[in-house]
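Engineer: I'd like to ask you about the structure that follows.
Protein chains: 4
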Amino acid sequence: MNFASDNVGPVHPSIMAAVMAANEGSAMPYGGDDLTARAVERIREVFDHDAEVFLVATGTAANALALSAIVDPFGGVLAHGEAHVNTDECGAPELFTGGAKIIPLPGEGGRIPPAALRERLAAFVHGEHQVLPQALSLTNATEYGGVLTPEETAGLAAIAHAHGLGVHLDGARLANALAALECTPAEATWKAGVDVLSFGLTKNGAMCAEAVVFFDRERAHRFAWRRKRAGQLLSKGRYLAAQFLAALQDDLWLDLARHANAMAARLAEGLTGLPGIRTAHPVQANEVFVHLPRPLHAALVEAGAIYYPWRETEQTVLARLVTSWATSAEEVDRLISLARASV
Amino acid sequence: MNFASDNVGPVHPSIMAAVMAANEGSAMPYGGDDLTARAVERIREVFDHDAEVFLVATGTAANALALSAIVDPFGGVLAHGEAHVNTDECGAPELFTGGAKIIPLPGEGGRIPPAALRERLAAFVHGEHQVLPQALSLTNATEYGGVLTPEETAGLAAIAHAHGLGVHLDGARLANALAALECTPAEATWKAGVDVLSFGLTKNGAMCAEAVVFFDRERAHRFAWRRKRAGQLLSKGRYLAAQFLAALQDDLWLDLARHANAMAARLAEGLTGLPGIRTAHPVQANEVFVHLPRPLHAALVEAGAIYYPWRETEQTVLARLVTSWATSAEEVDRLISLARASV
Amino acid sequence: MNFASDNVGPVHPSIMAAVMAANEGSAMPYGGDDLTARAVERIREVFDHDAEVFLVATGTAANALALSAIVDPFGGVLAHGEAHVNTDECGAPELFTGGAKIIPLPGEGGRIPPAALRERLAAFVHGEHQVLPQALSLTNATEYGGVLTPEETAGLAAIAHAHGLGVHLDGARLANALAALECTPAEATWKAGVDVLSFGLTKNGAMCAEAVVFFDRERAHRFAWRRKRAGQLLSKGRYLAAQFLAALQDDLWLDLARHANAMAARLAEGLTGLPGIRTAHPVQANEVFVHLPRPLHAALVEAGAIYYPWRETEQTVLARLVTSWATSAEEVDRLISLARASV
Amino acid sequence: MNFASDNVGPVHPSIMAAVMAANEGSAMPYGGDDLTARAVERIREVFDHDAEVFLVATGTAANALALSAIVDPFGGVLAHGEAHVNTDECGAPELFTGGAKIIPLPGEGGRIPPAALRERLAAFVHGEHQVLPQALSLTNATEYGGVLTPEETAGLAAIAHAHGLGVHLDGARLANALAALECTPAEATWKAGVDVLSFGLTKNGAMCAEAVVFFDRERAHRFAWRRKRAGQLLSKGRYLAAQFLAALQDDLWLDLARHANAMAARLAEGLTGLPGIRTAHPVQANEVFVHLPRPLHAALVEAGAIYYPWRETEQTVLARLVTSWATSAEEVDRLISLARASV
């Protein structure tokens, strides 16, 4: 019953098998191997776009490097105040951009209201005394398990583009969003105005497989230098590439995300049927935020349930429960039973 | 016949098997898992020191982060002019240290003569007009396949410490040095004055397994923050840890390095017996630098040999040939035969 | 009628005369001259503290450099969201700290409520995933013309210190605060818990004269290197020093601030007596924020009044009017008359 | 007898008078004043080019900011190993460029031989593993008092441009070079291929007056943001501007440089006539480098002569003696007499 995050589970067997299978003979280092070339090509097919693609090892690096390609060191990145880039990356965006500033925006459930974006942009009227707003960073699925429709993304992107900003999408959980939306990867990204995507598979069954995908190819200019100096050019690139190839074959990545989403829905349904429990945000992807009475929280933890207390009051604990490809229905049902027995 | 680098070969089967074996059940993310704890403990045993240990994904990151812990942004790192940190990391040390300056030192075969170090340090007499010299970075084995004895390391470290500098060792090929020296890991590192080590296994049969090892534990203060913001805290840490545990079991890492060194010696012996070929540097570890007549170089390349032309003149090519755990005696002999047939 | 800022006026004649008087003979460069030594000594006397003092050329540099001495690149600076360091310095703090993050706090009139500070600090529970909160930056007088009493400063500083943070004070308008408070420089700064002060005279009659004053002397360790590499070590330091010596003689700096404050009070009193005009913030120092009906704003601008429209709605303009040592009562009265004639 | 540097003397009376004269009435801050507009225009006239011009406070800032506009953070700046940007600015270029690397080149007297530049550029063949060479930084007059002819500058610039590099000129002593060359400012700069110039007057009689002059106007894109976030946008810009206007009127700046050069020539001639004294470098501008026997050096210092011992051996001291507009013939002759009496 480990619902701490979607990275607590193991690597999916098909992906691990592909890593094993890649372990044959010599291969040119630093991404000069055949598997890397094939993985890049496969990502292009999946997104139906002749994008520039760079594989890296972590999502934090993917986000921070992607931003570094679209803002100057004296630039500003507008993002939700609770976006991962603002609150969970220990200043990696500041490091890789050379000091750009993240401008936090408000909004329920990790969503940025278009009006908030417009209002904030309107406040940049003092020229060089302020940082130069150059990027909008979105997250889909959001930090609170919400999903942006292509229309929502497109609406925000249009405002950004109208002000000359580039649009970044943190897609650490893009698969979960796509599984919920039943739209194509292209529709959720470049067709909706995304210029550069952090495309993550690590939370979705891979070992460590992240990519920076430039739909706006000019933004990728000299990005190879950025990746190298960030220590993100793995010498044995084939093992990253193998993960992408396996995950993207026969829509495995989407199947895994669908399962994770289904487990979250099952969990939410089971819990919210119980007295005193209510969800804090709509459950659209693979995260469940529920307010738990303190005694129930204590009982669950005591019984071995692992999850993350997001915020606490005297009466309740706001719990974040994350599901993944490896979450089983039995595990979910066990937690629900436990909760039922404890309320 | 791929002698391009020691990272062109596959992962050693025992290490890959350990990665597979780690793929079971849930584990706390970001290095909070049991395997990571055991890997850290094992590294401490190997070095016979209660060091602070941090796992990361690449050697470039290990070096740059290690340096960031021992120099200020306004500091200077004295290093050989051809050290990896100065010539092959695209400015990663500058990025992670916040702009510290690498002060290049001369020396044959990647070795820093003590007199050159002393002389350079003596030139820092202008206070804040110059960067503040704060670190010495050594490499063992060197970029040219030489090996520093514990006495050499200790001599340079003593000069550095006398001037208040910290001592970093780039140990991307430490195993090869140890295999050549037949000394203990402790003797080649902290007993010789090394304060912080980049300990690499990737060139020695791992997939991606690097560690920053602080023998001077105070230098590790808040290093966890540095690693995270550098995008080097892998969420699924167990797969890094498994590699270390497998490589460090029963001295596998040293056996692999011994094999690599033996192949380099065999290659050097075979080639230098031929007319017109001479080594550029003593072959002490797993790299062979030979001056090849241009026609011979052309013939080898034509026959499918892969290696790196380090420097070229009208008459000759200085070739770098690197061996690894995966290099076979047959491969070596094939290259020698080819060369014999072509001179 | 230029109320745009307190830096639109000329240099006070006594200060300019001192600059002229310094222009005699040779003097050692880079702050090695006698005047600099005397200015440092004088600042120590004024603050009744054996502080470490560094002269620099701009307030933005003073703030950013001061912060760089008390936070790591992976650190966080808690500051009011509308503090100069967060909104008006184009990311200079991010540049000079190497990427530290400013964590914006809410609060009326540029004041940070102690509860807001406590609550924000309590949210740092995720270790290295978040930046490390290391500094609190206060401003006195605030961006909105308010003044922090020594008790307020001490209260916030105590919270900060209890959490291990250093306390910075942006004192670009410290003189105006002191003039309002009628307390000693020591009482408003180090006796209230300030560790490092940006001490500005430029807005108060100097040409360009700012100092970073470390009451916590250990924080000044190697600050000379930071100042030099920031391009803030002026080669002809005597001309900076002369300004400090003149301003700090016979309390000239406090007299100038008292005059500026008096002019602001006169302006506020005159304007708020008029129908439809109300102040947005209490006028405690040398800034007046008033909501002006749009027609009145248009009339004033038409008549040649210069000031800064801070925020605009359909009906009103929030105007910022700043007074200085050079503002005359006539000028103030003229504006009031104009306003009276236009409402 | 202070020959320590060209910044030990006072401000020239005409320049100081202009600063005084600027001290009248209100002026818009941050360079929005009339004097700044006129100074920029005057600099354009002097260089006969519609350049983009930005005033800053120090030469170190001018250099570092200029470089930040023409290299990426992952870029390389080729410069003489003893150039001010490499040895005397405490890493300011690294700070302002975000970590770009200065690649030191050899050469007598601070001059870069074209062959050395070509050879170094030819070594950049490893793509993203190396920093990307993007700029050449020259110095005129050089650190050793030599002067680059327009032809020399043009030759080096042509090599740089052919490799896609931008060309920066550190003109802290450009006036001295022009005085020696008797060529126009245009001929020594943009007509010889210089893209961006650090134009310094501080060493030539000003108080603090430096400018970054972009002959390649596209390079100046968003430079206003860079200057502001570097803390180099002075709020009371008129006092910087006044210095430029005074110095550039009626060729005062060139007259001052001619005098400084003449004093250096007189000093060199007087000293080298004495037994045991020889110059280390040709004296073309306002610096004299002479090898002095140790007893003579001791005698001069004893007698109150101030200058900088550049390098020392057991027998001799290499002394750097710098002259300026404020150096008198009497002072020079006194030193020569002293030397004559002591050899």
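Residue numbers (our numbering), protein chains in the order written: chain B, 1 to 343; chain Z, 344 to 686; chain X, 687 to 1029; chain Y, 1030 to 1372. The beta-carbon is built from N, C-alpha and C at its ideal position, and this holds for glycine as well.
1. For G1015 of chain X, count the other beta carbons within 10 Å of its own beta carbon; 16 or more makes it buried, fewer makes it exposed. Which is it?
2. Using DSSP bridges, identify the partner residues of T401 of chain Z.
3. Indicate whether at least one CB of chain Y lies closer than 9 Å to the CB of T73 of chain B.
4. Assuming E143 of chain B is part of the alpha helix (DSSP H), what are its boundary residues?
5. Measuring only between beta-carbons, confirm whether K546 of chain Z sits less than 9 Å from chain Y.
6. Verify the CB distance criterion: does V1160 of chain Y have a CB-CB separation below 9 Å to chain B?
7. So which residues on chain B does S578 of chain Z lean against when the C-beta distance must stay under 8 Å?
8. Below 8 Å CB to CB, which residues in the same chain sit around L1274 of chain Y once its five sequence neighbours on both sides are set aside?
9. With distance defined between alpha-carbon atoms, name the residue in B:Y307, B:A157, B:T184, B:L267 nearest to D48 of chain B.
10. If we define contact as Cβ-Cβ less than 9 Å, is G1193 of chain Y a contact residue for chain B?
11. Is the Cβ-Cβ distance between R334 of chain B and V317 of chain B less than 9 Å?
12. How is W1011 of chain X classed by DSSP in three states: helix, strand or coil?
13. Have a look at W911 of chain X and D594 of chain Z and give me their C-alpha separation to the nearest angstrom.
14. For the stretch 1111-1128 of chain Y, list every residue whose C-beta sits within 7 Å of some C-beta in chain Z, in sequence order.
15. Pick helix, strand or coil for E973 of chain X, following the three-state DSSP scheme.
16. Short check: CB of P1102 of chain Y to CB of G98 of chain B, under 9 Å?
17. Note down, in chain order, every chain X residue with its Cβ under 9 Å from the Cβ of G1222 of chain Y.
18. Where do the ends of the beta strand (DSSP E) carrying G81 of chain B lie?
19. Between G857 of chain X and G879 of chain X, what straight-line distance do the alpha-carbon atoms span, to the nearest angstrom?
20. Do you know how far the Cα of L67 of chain B is from the Cα of V1160 of chain Y?
21. For E1157 of chain Y, which residues in chain Z fall below 9 Å Cβ to Cβ?
22. Measuring straight from C-alpha to C-alpha, what distance separates T875 of chain X and E805 of chain X?
23. Taking C-beta to C-beta, are L256 of chain B and A175 of chain B nearer than 9 Å?
24. Which term fits S680 of chain Z, buried or exposed, when burial requires 16 or more other beta carbons within 10 angstroms of its beta carbon?
25. Could you tell me whether any Cβ in chain X is nearer than 9 Å to the Cβ of G1136 of chain Y?
26. Of all the options Y:E1111, Y:A1186, Y:A1370, which has the alpha carbon lying nearest to the alpha carbon of P1304 of chain Y?
27. Verify whether the separation of the beta carbon atoms of G231 of chain B and T403 of chain Z is less than 9 Å.
28. How about E437 of chain Z and R229 of chain B: do their beta carbons lie closer than 9 Å?
29. Between G323 of chain B and F3 of chain B, how many whole angstroms is the CB-CB distance? I'm expecting something under 8 Å.
30. Considering only their Cβ atoms, is the gap separating M28 of chain B from V644 of chain Z smaller than 9 Å?
31. Can you find a C-beta in chain Z that's less than 9 Å from the C-beta of G31 of chain B?
32. So A1253 of chain Y contacts chain B; which residues on that side make the cut at Cβ distance below 9 Å?
33. Give me, in chain order, the residues of the same chain whose beta-carbon lies closer than 8 Å to that of L803 of chain X; leave out the 5 immediate sequence neighbours on both sides.
34. Compute the Euclidean distance between the alpha carbons of R320 of chain B and T272 of chain B, then round it to the nearest angstrom.
35. CB M893 of chain X to CB Y1268 of chain Y, shorter than 9 Å?
36. Any idea what DSSP makes of Y308 of chain B, helix, strand or coil?
Structural biologist: Reading it off the structure:
1. Looking at the sequence itself, residue 1015 of chain X is Ala, so the reference to Gly does not match. The residue is exposed, with fewer than 16 neighbouring Cβ atoms inside 10 Å.
2. DSSP lists no partner for T401 of chain Z.
3. The amino acid occupying residue 73 of chain B in the given sequence is Pro; Thr does not appear at that position. Any Cβ of chain Y closer than 9 Å to the Cβ of P73 of chain B would place that residue at the interface, and such an atom is present.
4. Careful: E143 of chain B lies outside any alpha helix (DSSP H) and carries neither H nor E.
5. False, the Cβ-Cβ gap to chain Y never drops below 9 Å.
6. Output row for V1160 of chain Y: interface = yes.
7. Going along chain B in sequence order, the residues near S578 of chain Z (Cβ under 8 Å) are S5, N7, T58, G59, T202, K203, C208.
8. Answer for L1274 of chain Y: A1047, L1064, R1067, A1068, R1071, listed in chain order.
9. Considering only alpha carbons, the answer is B:T184.
10. No, its Cβ sits nowhere closer than 9 Å to a Cβ of chain B.
11. With respect to the 9 Å criterion, R334 of chain B and V317 of chain B are not classified as neighbours on the basis of their beta carbons.
12. Here W1011 of chain X sits in coil by DSSP.
13. Between W911 of chain X and D594 of chain Z, the alpha-carbon positions lie close to 46 Å from each other.
14. Of all residues in the stretch 1111-1128 of chain Y, only T1116, D1117, C1119, G1120, E1123, L1124, G1128 come within less than 7 Å of chain Z when Cβ atoms are compared, listed by chain position.
15. Residue state, collapsed to three classes: strand.
16. Closer than 9 Å, so yes.
17. Those do not exist, as G1222 of chain Y stays about 26 Å from chain X at its closest Cβ, beyond 9 Å.
18. Per DSSP, G81 of chain B belongs to no beta strand (DSSP E) and is neither H nor E.
19. Going from the Cα of G857 of chain X to the Cα of G879 of chain X covers about 14 Å.
20. So the alpha carbons of these two residues sit roughly 20 Å apart.
21. Simply C433.
22. T875 of chain X and E805 of chain X: Cα-Cα distance of roughly 24 Å.
23. In contact: L256 of chain B and A175 of chain B (Cβ atoms closer than 9 Å).
24. So S680 of chain Z counts as exposed.
25. No, G1136 of chain Y does not count as interfacial toward chain X.
26. Out of Y:E1111, Y:A1186, Y:A1370, Y:A1370 has the C-alpha closest to the C-alpha of P1304 of chain Y.
27. The Cβ atoms of G231 of chain B and T403 of chain Z sit closer than 9 Å to each other.
28. Yes.
29. The sequence given here places Thr at residue 323 of chain B; Gly does not occur at that position. The C-beta distance from T323 of chain B to F3 of chain B rounds to 7 Å, short enough to meet the 8 Å contact threshold.
30. Taking 9 Å as the cut-off, the Cβ atoms of V644 of chain Z and M28 of chain B do not count as close.
31. No, G31 of chain B lies away from the interface with chain Z (no Cβ there is under 9 Å from its Cβ).
32. For A1253 of chain Y, the chain B residues whose C-beta falls within less than 9 Å of its own C-beta are G127, E128, listed in chain order.
33. Once the five neighbours on either side are set aside, the close Cβ partners of L803 of chain X are L764, L791, L822, L842, I845, A846.
34. Across the structure, R320 of chain B and T272 of chain B are spaced so that their CA atoms are roughly 14 Å apart.
35. Contact check for M893 of chain X against Y1268 of chain Y passes: the beta carbons are separated by less than 9 Å.
36. Secondary structure at Y308 of chain B: strand, using DSSP grouped into helix, strand and coil.
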